[in-house]
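Undergrad:
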Amino acid sequence: MKRVTFSFQVFSGIVLLGICFVLGQLTQNGLFLNGAWILYGVAFLIHPVWPESWAYADPVKMRRGARIGGCLCILVGLLTRFGV
1 MKRVTFSFQV FSGIVLLGIC FVLGQLTQNG LFLNGAWILY GVAFLIHPVW PESWAYADPV
61 KMRRGARIGG CLCILVGLLT RFGV
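First residue of the sequence shown: 1, per our numbering; consecutive thereafter.
(1) So, for His-47: in the same chain, excluding its five sequence neighbours on each side, which residues have a beta-carbon less than 8 angstroms away from its beta-carbon?
(2) My output table needs one value for Lys-61: the three-state DSSP class, helix, strand or coil.
(3) Please tell me whether Val-42 and Ile-74 are closer than 9 angstroms, where the distance is taken between their beta carbons.
(4) Give the range of the alpha helix (DSSP H) segment to which Gln-25 is assigned.
(5) How many angstroms separate the CA atom of Arg-81 from the CA atom of Trp-37?
(6) Would you grab the beta carbon distance between Tyr-40 and Gly-13 for me? Rounded to a whole angstrom, and I think it's under 8 angstroms.
(7) Identify, in the order they occur along the chain, each residue of the same chain with its Cβ nearer than 6 angstroms to the Cβ of Arg-63, setting aside the five sequence neighbours on each side.
(8) Mapping DSSP to helix, strand and coil, what is Val-49?
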């Protein structure tokens, strides 16, 4: 089974944010974008990845950093009110 890379996970998250932005604009509902941020953060909590150029660093610290970044994305989704 092929592992998900950092670039694929970031690209798929940006596509998810874009699709939810369009859905939010069409339905005039900002919850789509909030939900996209939460899903994007959950993806990094479940599968923490980091760029290949940072492979020299301690994997435990990099995994923790990716999960902290995921938590920050979830906080953006929970605390920010995206008006449409």
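Think of the CB as a built atom: it goes at the ideal place given N, C-alpha and C, for glycine as much as any other residue. Predicted, not measured: the structure shown is a model, and the values here were computed from it.
TA: On the basis of the supplied data:
(1) Around His-47, the same chain offers Val-4, Gln-9 as residues with beta carbons nearer than 8 angstroms, after the five sequence neighbours per side are excluded.
(2) When secondary structure is reduced to three states using DSSP, Lys-61 falls in the helix class.
(3) Remark: C-beta atoms of Val-42 and Ile-74 approach each other more closely than 9 angstroms.
(4) 6-27 is the span of the alpha helix (DSSP H), which, as asked, contains Gln-25.
(5) Arg-81 and Trp-37: Cα-Cα distance of roughly 12 angstroms.
(6) That belief holds up - the Cβ atoms of Tyr-40 and Gly-13 are roughly 4 angstroms apart, short of 8 angstroms.
(7) Excluding positions up to five away in sequence, the list reads Pro-48.
(8) Val-49: coil per DSSP, three-state reduction.
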